[in-house]
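Numbering (UniProt numbering), first residue to last: 1 to 147.
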């Protein structure tokens, strides 16, 4: 009798990703390329309008699952710009060494009136060190061109 591995049903059962990219499950998601406003000094993370219709319009706890770890973070759905708590988002940014040019994919894996759960995948946007000064992408004088 063959044993069949069951896909994880709860985020707590997910194995560490070790920076592997996992396929999306078909649930709502959005990706964002991080800019200065996401990583320093303010660390804002607003959720896009396409998510607003599926998210509650109240303040509730949320959990970010990333690479086998979890971060508790408050979600402010009662504001015009639905957002994650700035201080708690900063901790996620710092713990994951996020910087401008990195990308995060937020997949909404659970949504209720009492909690939100997101699986977050990080895509590093590193530029080879020898090209960084010439092509940092931080101004129009140093654009990053992709062929």
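A virtual CB, placed ideally from N, CA and C, is assigned to each residue, including glycine.
Sub-8 Å separation of residue i and residue j beta-carbons
| i | j | result |
| --- | --- | --- |
| residue 102 | residue 124 | yes |
| residue 28 | residue 108 | yes |
| residue 122 | residue 66 | yes |
When the options are compared against residue i, the one with the closest alpha-carbon
| i | options | result |
| --- | --- | --- |
| residue 114 | 91, 26 and 61 | 61 |
| residue 50 | 40, 30, 35 and 41 | 30 |
| residue 96 | 109, 79, 71 and 108 | 71 |
| residue 73 | 46, 53 and 36 | 46 |
| residue 92 | 34, 79 and 22 | 34 |
Inter-residue spacing [alpha-carbon to alpha-carbon] between residue i and residue j
| i | j | result |
| --- | --- | --- |
| residue 83 | residue 24 | 22 Å |
| residue 69 | residue 104 | 15 Å |
| residue 26 | residue 126 | 28 Å |
| residue 141 | residue 38 | 22 Å |
| residue 89 | residue 75 | 10 Å |
| residue 36 | residue 112 | 31 Å |
| residue 58 | residue 52 | 11 Å |
| residue 7 | residue 54 | Because residue 7 sits at a pLDDT of 38, beneath the cut-off of 50, its placement in the model cannot be relied upon, and the point is left open. |
| residue 40 | residue 106 | 20 Å |
| residue 94 | residue 32 | 17 Å |
| residue 22 | residue 85 | 26 Å |
Supposed close pair residue i, residue j - CB separation, criterion 8 Å
| i | j | result |
| --- | --- | --- |
| residue 81 | residue 56 | Between residue 56 and residue 81 the Cβ distance is about 15 Å, and since that is not below 8 Å, they are no contact. |
| residue 99 | residue 63 | Rounded, the Cβ-Cβ distance is 23 Å, inconsistent with contact. |
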